[in-house]
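Encoded as structure tokens, the structure appears first; notes follow it.
There are 2 protein chains.
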Amino acid sequence: MRVTVDIVLFTLRPDGAATLEVLLVERGVPPYEGTWALPGGFVHPDESLETAARRELREETGVDDVYLEQLYSFGDPGRDPRGRVVTVAYYALVSPDRRPPEAGTDARAARFWPVAALPKLAFDHAAILEYGLGRLRTKLEWTGVGFELLPPKFTLSELQRLHEAILGRDLDKRNFRRWVAARDFVVPLKESRRTGRKPAQLFRFRGR
Amino acid sequence: MRVTVDIVLFTLRPDGAATLEVLLVERGVPPYEGTWALPGGFVHPDESLETAARRELREETGVDDVYLEQLYSFGDPGRDPRGRVVTVAYYALVSPDRRPPEAGTDARAARFWPVAALPKLAFDHAAILEYGLGRLRTKLEWTGVGFELLPPKFTLSELQRLHEAILGRDLDKRNFRRWVAARDFVVPLKESRRTGRKPAQLFRFRGR
DNA sequence: CCAAAAGTGTTAGGAGTACACCCATGG
DNA sequence: CCATGGGTGTACTCCTAACACTTTTGG
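Chains A and B, in that order, give the protein sequences. Here the working numbering is used: the first residue of the first sequence is 1, the next is one more, and so on. Here the working numbering is used: the first residue of the second sequence is 1, the next is one more, and so on.
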């Protein structure tokens, strides 16, 4: 019986609308050659599960240094045509100001896809992705997770658009700002962003 | 690389104080022969993870038909002296009116232990148990889970003692009853329990 | 001066918490 | 009649949700 890790890595494209995207790789080897899949692969005998997840992410996509959390394990017989494979799924968050992913080992291509318009996925990866999305939403409501998806300096409007993108609904500006202020997630900086309009106060996360 | 399942099975001893207990087996085979451990074992090639968890529970302890939910996967190298073993942990809940567990395959003994007074555990099972306990507590606060720990008919006081046992603190009787009523978790029955004192209204779960 | 995004307060309803007394029964 | 656990209401606080206008800047 073999064990793999698969990673559902979310990012946010800061294109005004702030669309939520997931990192996928186009498989370069059978099975499912040419099909898009979550990055992942077999766990080595001497590494922990989380280490394996980080290594696979780096090898297959060049993405490094991410927030990572274990999600769920999927192990139905028949989920992998190569035989019995149990996968431990992780979810990860990266800010969009990182260099774009590059295809690595066993991958023909690596890129982000908007969660609203995904290609057909290999194995049971559609189910894994769906599970990750659900977790991301609940995490966001109970804890402050989500900050990892933004660049180090950001405006409150950007933070709000992030939450709206993940939750899939609009939020009230004043209530959202009160909510953020009540926790103390963010620290105001001495800078503001001079966009074409009224300048916006910049913030960073508290902690790190 | 091999895959096991381990089950953290909670029950409630209805001894007035309502103590929370966990099912453990005394290992009858190496490694850790003679040490107490969570029930569990290797996943067969043709069964799902959850099926494996149910089978192991039945084989090792005679316990059947339980509420079961996946908890977390533990896979650090070195956690099992037999080599690299990844375990998928489940947590389970049973009502206390079931017949007592019986030692089965590979188990010298099987019994419940109060979570407040546990023996030394094999492998990394102490960490797994601790994780399960944490999950049980948070589940209880956000959802109505916990009902599975009671017999089919129960009084509100019994339900309250259950919550107190799991949360580890006392709850206000009136507030607790209002909380239960606000969700609609329970349905009143036409019976009451004639205990030595004022009879108590019996309830069952909605949608059992 | 206009377009565009930033920023800001008040009110109403719901949920949780603290708190004390009467009731029904069996012995 | 008394000991025991069953059962009930109110007031306060806090969090959430609804809702609209003014400010600053670049062009």
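Backbone N, C-alpha and C define an ideal beta-carbon position, used for all residues, glycine too. Just so it is clear, the structure is predicted and the values come from calculations on it, not from any experiment.
How far does the alpha helix (DSSP H) with G134(A) in it reach, from first residue to last?
Taken as a continuous stretch (DSSP letters only), the alpha helix (DSSP H) holding G134(A) covers 125-142.
Find the nearest neighbour of L24(A) within the set D46(A), T61(A), P30(A), judged by alpha-carbon distance.
Of all alpha-carbon atoms in D46(A), T61(A), P30(A), the one lying nearest the alpha-carbon of L24(A) is that of T61(A).
Report the rounded CA-to-CA distance for L189(A) versus V63(A), giving the unit in angstroms.
Using only the alpha carbons, I get a separation of about 28 Å.
Considering F176(A), what are the terminal residues of the alpha helix (DSSP H) in which it resides?
Secondary structure note for F176(A): its alpha helix (DSSP H) is the uninterrupted segment 173-182.
Closer than 7 Å at the beta carbon, the chain A residues around R84(B)
Taking a Cβ-Cβ cut-off of 7 Å, the neighbours of R84(B) in chain A comprise P45, given in sequence order.
Element boundaries [alpha helix (DSSP H), containing S73(A)]
Looking at the DSSP string, S73(A) is not in any alpha helix (DSSP H); the run it does join, the beta strand (DSSP E), is 67-74.
Considering only residues of the same chain and omitting the five flanking positions on each side of K198(A), which have a CB-CB separation below 8 Å?
Only residues of its own chain outside the window of five on either side were considered, and among them none has a CB closer than 8 Å to the CB of K198(A).
Would you say S75(B) lies against chain A (beta-carbon separation less than 8 Å)?
It is Gly, not Ser, that sits at residue 75(B) in the sequence shown. G75(B) counts as touching chain A.
For a contact defined as C-beta to C-beta under 8 Å, what are the partners of V3(B) on chain A?
Within chain A, the residues whose beta carbon sits less than 8 Å from that of V3(B) are M1, V3, G75, V86, listed in sequence order.
Determine, using beta carbons only, whether L156(A) and F203(A) come nearer to each other than 8 Å.
Cβ distance < 8 Å, so L156(A) and F203(A) count as in contact.
Cβ-Cβ separation, V43(B) to L57(B) (assumed contact under 8 Å), whole Å:
The distance from the Cβ of L57(B) to that of V43(B) is about 13 Å, inconsistent with a contact at the 8 Å cut-off.
CB contact check: Y72(A) to chain B, cutoff 8 Å
Chain B, which has a Cβ nearer than 8 Å to the Cβ of Y72(A), makes this yes.
Starting from the C-beta of D97(B), find all residues in its chain whose C-beta is less than 7 Å away, skip the five residues before and the five after it, and write them out in chain order.
Counting only Cβ-Cβ distances below 7 Å, and skipping sequence neighbours, we find P151.
Could you give the C-beta distance for A109(A) and E26(A), rounded to a whole number, given that I count them as a contact under 8 Å?
Contact holds; Cβ gap of about 4 Å.
Within 10 angstroms of the Cβ of P114(B), are there 16 or more other Cβ atoms? Answer buried if so, exposed if not.
Classification for P114(B): exposed.
Within chain B, the residues that L49(A) reaches when beta carbons sit closer than 9 Å:
Among the residues of chain B, those whose CB is under 9 Å from the CB of L49(A) are S73, F74, G75, D76, V86, following chain order.
Would you mind working out which of P14(A), V85(A), F154(A) sits nearest G41(A), comparing C-alpha positions?
Ranking the options by Cα distance to G41(A), first place goes to V85(A).
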